[in-house]
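Some notes on the structure that comes next.
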Amino acid sequence: MVSFVLTVVTFVVAFILLYLVGKSVLVRVTKRTLNAREFSPAVVSLGSSIAGAIALFGAVAIAATVAGFPTILAAFATITGALALGVAFAAGDIIENFVAGIFILKDKPFEVGDYIEWNGNGGIVREIDLRVSKLDTWDNEQLTVPNGELANAVVKNTQANDTRRVTVDFGVDYGSDVDRAREIILEEIAAIDGVLEEPAPAAPLTTLGDSAIVFNARAWINPQETGAGGVKHKLTENVMDRFDEADIGFPYPHTEVVGSLDVHQTEPSAVADD
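In structure tokens, the structure reads:
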């Protein structure tokens, strides 16, 4: 009995000392390392929690060895392994999203406030958590997206660079004054607030369509300061008004049928059924 009590006391004392010291050291080192690499507070918090859990399991294992509990240690290892395996199978998607969240926070393919598009979806990033990211659509609808989906998709970030090109196609009738049409487009691009002078705007003739000559108007903006949608809308309205004033027509699809058709009655006495 005395031997058993001494063993238990040894285990308890060793566990407390090892856990307190190990947790303090591991958590401090983890925080210092992650902060030095400029990880987000969410990743630092997760890393500290994992370090604390490692300290707990390590303290139990070492204390059991010091106290002479080989059977308990073996059972503890078996149970821990089984639990870890079960958790891995049951929470595979959750773990994947957590890992993806860590990489998103570290690599920063997008940040809060950016407009992104992926797999036919799009929205403004409002929040990036470890498991999910939340975005708002242009209709003010909230999207909650698992980070695993964003990490494994091709994500287009329209605000990642200092400049962005905005393009709008304008079609005019065949026979229109091409030089005058291009001049009007360039004038209206230059008149819009937020359009950059460099790179210079352009309006090359890009397509000879079935019913239209198509210009591809190109303007550059700083996406952090100017919205692409507003520039497109303003340019389209202004160019339409200027084309009307200059009598430059906007084409529309049409089909011309050429030929003849004979209509005659073969039986004069025939009466329609209806």
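In full-length UniProt numbering, the protein residues as written are 1 to 274. The beta-carbon is built from N, C-alpha and C at its ideal position, and this holds for glycine as well.
Beta-carbon proximity list for residue i, same chain, < 7 Å, skipping 5 on both sides
{"i": "residue 159", "result": "114, 115, 223, 224"}
{"i": "residue 167", "result": "216, 217, 218"}
{"i": "residue 31", "result": "44, 48"}
Where residue i sits in the DSSP three-state scheme
{"i": "residue 168", "result": "strand"}
{"i": "residue 276", "result": "The shown model of the chain, from 1 to 274, leaves out residue 276, and the question about it has no answer."}
{"i": "residue 200", "result": "coil"}
{"i": "residue 206", "result": "strand"}
{"i": "residue 27", "result": "helix"}
{"i": "residue 161", "result": "coil"}
{"i": "residue 154", "result": "coil"}
{"i": "residue 60", "result": "helix"}
{"i": "residue 258", "result": "coil"}
Limits of the beta strand (DSSP E) - the one that residue i falls within
{"i": "residue 239", "result": "Run containing residue 239: none in the beta strand (DSSP E); it sits in the alpha helix (DSSP H), 228-245."}
{"i": "residue 136", "result": "132-136"}
{"i": "residue 221", "result": "213-221"}
{"i": "residue 112", "result": "Segment: none, residue 112 is in no beta strand (DSSP E) and carries neither H nor E."}
{"i": "residue 124", "result": "121-128"}
{"i": "residue 145", "result": "142-146"}
Any non-hydrogen atom of the ligand NAP closer than 8 Å to residue i Cβ
{"i": "residue 47", "result": "Among the components of this structure there are no ligands whatsoever, and the ligand NAP is therefore not found."}
Residues of its chain near residue i, where Cβ-Cβ distance is below 6 Å and the 5 sequence neighbours each way are ignored
{"i": "residue 173", "result": "249, 251"}
{"i": "residue 146", "result": "97, 132"}
{"i": "residue 202", "result": "218"}
Limits of the alpha helix (DSSP H) - the one that residue i falls within
{"i": "residue 182", "result": "178-190"}
Anticipated Cβ contact below 8 Å, residue i with residue j, distance rounded
{"i": "residue 67", "j": "residue 151", "result": "Contact doesn't hold; Cβ gap of about 44 Å is too wide."}
{"i": "residue 175", "j": "residue 214", "result": "The pair is not a contact, with the Cβ atoms about 15 Å apart (cut-off 8 Å)."}
{"i": "residue 55", "j": "residue 34", "result": "Residue 55 to residue 34, Cβ: 16 Å. No contact."}
{"i": "residue 155", "j": "residue 110", "result": "6 Å"}
{"i": "residue 22", "j": "residue 59", "result": "6 Å"}
Contact set for residue i: own chain, Cβ-Cβ below 8 Å, skip 5 residues either direction
{"i": "residue 232", "result": "166, 168"}
{"i": "residue 228", "result": "158, 164, 166, 221"}
message = Any contact between the segment 136-143 and the segment 182-193? By contact I mean 3 or more CB pairs, one from each, below 8 Å.
response = no
ask   = Three or more C-beta pairs closer than 8 Å, one from the segment 191-199 and one from the segment 239-250: is that the case here?
value = no
query = Using 8 Å as the threshold, is the segment 57-69 in touch with the segment 14-22, meaning 3 or more CB pairs across them?
reply = Yes, since at least three Cβ pairs between the segment 57-69 and the segment 14-22 fall closer than 8 Å, the two stretches touch.
key: the segment 102-110 contacting the segment 119-138, beta-carbon criterion three pairs below 8 Å   = yes
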